[in-house]
Amino acid sequence: MDIQKYFESAETMDLARDMLGHTFTYESNQGKFSGLIVETEAYLGPIDMASHSYNGRHTKANDPLYQAGGTIYIYSIHSWLDMDISIQKAGTPNGILIRGLQPLEGLDLMEKNRSKTGFDVSNGPAKWMAAFGIKDKALSGTFLNKNNFYFSAKKVQTPQEILTTPRIGVKNKEPWTSKNMRFIVKGNPYVSKLPKREMNLDTYGWL
DNA sequence: AGATGGATCGTCT
DNA sequence: GACGATCCATCTG
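Right under this line is the structure:
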């Protein structure tokens, strides 16, 4: 799969939905980490009040959003780190935030890095970053599948059902606050802020 | 289970 | 100097 083409040839909202069930991998000095993507959010750039590139805002820190589809964008938030994949061709600063990963490889290290066990290891955008041992923005601006980060060409698992909801943490920005731009694998326990009663512990929401 | 407030720090104004 | 695309502990019921 041409990864750049994948992230440049479809609508951002459709890509955010399609990314569920693909794997995300990080080959770090500490070891190899990988997980299934179970939760994403779409950010539509200049028109989107919740986007870091709203109204054409362009700074040194958010420059990766302006680069080719498939560029990694790491940003800090309240002393934590989050990661986007830059979406669309260079110059169109859309992004998709990866909010939750179901661990596949490197779980022992992830638990160690987080000082937590269970779903809390990676059920949030800054939690999985910490679990993967990512402590700074050194790799922001690098390109997916060329350096340390890899996105699987195909879905490794298929969601039984995908739910959409408003994005987390977007306040006082109507109409963007209430738009359904968050995509989750229904029932997967690694989805952030998921109540216990909505967890499907048999299938984790996969076919 | 849901709501609330504090911690904490890089980034931009 | 103010502000988060967050997390966590600590309530309340």
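Each number in this note's numbering comes from the position in the first sequence (counting from 1) with 15 added on. The beta carbon of each residue, even a glycine, is placed where N, CA and C say it ideally should be.
Proximal residues to residue i (C-beta, below 6 Å), its chain only, five neighbours per side dropped
i	result
residue 215	202
residue 82	101 and 105
residue 221	172
residue 204	134 and 214
residue 186	none
residue 80	68, 88, 101, 108 and 110
Buried or exposed by the 16-neighbour rule on C-beta atoms within 10 Å, applied to residue i
i	result
residue 212	exposed
residue 31	buried
residue 63	buried
residue 98	buried
residue 128	buried
residue 55	buried
residue 71	exposed
Of the listed residues the options, nearest to residue i (C-alpha basis)
i	options	result
residue 206	163, 135 and 164	135
residue 38	146, 113 and 77	113
residue 158	90, 55 and 84	84
residue 34	147, 161, 172 and 153	172
residue 146	160, 181, 98 and 126	126
residue 29	110, 17 and 208	110
residue 59	219, 199 and 195	195
residue 151	200, 91 and 75	91
residue 26	18, 199 and 57	57
residue 18	199, 72, 94 and 161	161
residue 122	36, 217 and 41	41
residue 154	24, 76 and 217	76
residue 193	179, 61 and 96	179
Presumed contact (8 Å Cβ cut-off) between residue i and residue j, rounded CB distance
i	j	result
residue 119	residue 49	5 Å
residue 197	residue 181	6 Å
residue 78	residue 156	7 Å
residue 191	residue 65	5 Å
residue 208	residue 177	Not confirmed; about 17 Å, so no contact.
residue 36	residue 170	4 Å
Same chain, Cβ closer than 7 Å to residue i, five either side skipped, listed in chain order
i	result
residue 44	none
residue 116	39, 50, 51, 52, 53, 137, 143 and 205
residue 22	30, 84, 85, 100 and 102
residue 188	64 and 65
residue 73	81
residue 20	none
Cβ shell of residue i (< 8 Å), same chain only, five flanking positions each side left out
i	result
residue 96	89, 90, 141, 144, 145, 149, 150, 151 and 152
When the Cβ atoms of the region 134-154 are set against those of the region 166-173, are three or more pairs found closer than 8 Å?
-> no
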